[in-house]
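Undergrad: Shown below is the structure under consideration.
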Amino acid sequence: MDSRTLGSTNLTVSRLGMGGLFIISRFSGFDQAQQAVHRAVDLGVTYADTAPSYGNSELVLGRILDDIDTPLILSTKLGGGPHPFNPQSREALEQSVDMSLRLLGRDHIDIFFIHEPERPGQYDWWIDPENFDGPALELLQDLKKDGTISAIGIGGTTAYEMADLIRTGKFDVVLTALNYSLLWRETETEVLPAAIEQGMG
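Each residue of the sequence shown is one higher than the one before, counting from -1 in the working numbering.
Given below as structure tokens:
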């Protein structure tokens, strides 16, 4: 499978990645999840994404990664745990990162996304919403400096607001969902040009 470097990061990933939502216990048994991840790796997938808000996805993926020898680029997200989750609390954010590292069985995560940073009412991430500053970004910047993570990402669903976040130049990688299909082209007209301009993955 072809690989690509994610923007100006040093992370090289397969063109197709594996999302972690549908390996959770709600949708499949552990054996099925394990077979799916192993099959993806056998086919050349080198990138897997998960999140605390994807049920027990981090736990399931962490267990499966124990018996995979192929190095994988792994991403997860802030948001969704622990409960109750307070995005304005540095302590709660650190607990979220620690929980993800523990469940995934890692001491390093390649990409840590701020989950849905652009949706009002989802999580109140920003102290300064005009400049997109807040404790979540500060924590991820510190974790990148100390080597706990390699890249800071934003993952969201609203193309026009995401483009504004991208243009700040504060993020390395963007993950976009629900706005790129045959009928919906907002990602193509808004997110991708902004990301290319910033050298983002």
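Built from N, CA and C at the ideal position, the CB exists for glycine as well.
Please give me, in chain order, every unbroken run of the beta strand (DSSP E) with length at least 3 that falls completely inside the segment 25 to 80.
TA: Qualifying beta strand (DSSP E) stretches, in chain order: 45 to 47 and 71 to 76.
Undergrad: Do D47 and L72 have their beta-carbon atoms positioned less than 9 angstroms apart in this structure?
TA: Position 74 of the sequence shown, counted from the start, is the residue given in the question as residue 72. Position 49 of the sequence shown, counted from the start, is the residue given in the question as residue 47. Contact: yes.
Undergrad: Would you say P85 and G77 are within 9 angstroms of each other, going by their C-beta atoms?
TA: Here residue 85 refers to the residue found at position 87 of the sequence shown. Here residue 77 refers to the residue found at position 79 of the sequence shown. In this structure, G77 lies closer than 9 angstroms to P85 by Cβ.
Undergrad: Leaving out the 5 sequence neighbours to the left and right, which residues in its chain are closer than 8 angstroms to Y121 when beta-carbon positions are compared?
TA: Residue mapping note: residue 121 aligns to position 123 of the sequence shown, counting from 1. Contacts found: G77, F83, P85, H113, E114 and P115.
Undergrad: Look at D67 and I109 and say whether their C-beta atoms are less than 9 angstroms apart.
TA: By one-based count along the sequence shown, residue 67 stands at place 69. By one-based count along the sequence shown, residue 109 stands at place 111. Not in contact: D67 and I109 (Cβ atoms no closer than 9 angstroms).
Undergrad: For I62, which residues of its own chain have a beta-carbon under 7 angstroms away from its beta-carbon, when the five flanking residues on both sides are left out?
TA: Working through the sequence shown from its first residue, we reach residue 62 at position 64. Excluding residues within five positions, the ones whose Cβ falls inside 7 angstroms are A31, Q32 and V35.
Undergrad: Just how far apart, CA to CA, sit W124 and S51?
TA: Within the sequence shown, the letter at position 126 stands for residue 124. Within the sequence shown, the letter at position 53 stands for residue 51. Straight-line Cα distance between these residues: approximately 19 angstroms.
Undergrad: In angstroms, rounded to a whole number, what distance separates the CA positions of K168 and I21?
TA: For the purposes of this step, residue 168 is taken as residue 170 along the sequence shown, with counting starting at 1. For the purposes of this step, residue 21 is taken as residue 23 along the sequence shown, with counting starting at 1. Between K168 and I21, the C-alpha separation is close to 31 angstroms.
Undergrad: When you compare the CB positions of G153 and T174, do they come within less than 9 angstroms of one another, or not?
TA: As a working mapping, residue 153 is identified with position 155 in the sequence shown. As a working mapping, residue 174 is identified with position 176 in the sequence shown. Cβ atoms of G153 and T174: closer than 9 angstroms.
Undergrad: How is the beta strand (DSSP E) around V11 delimited, first residue to last?
TA: For the purposes of this step, residue 11 is taken as residue 13 along the sequence shown, with counting starting at 1. Start and end: T10 to S12.
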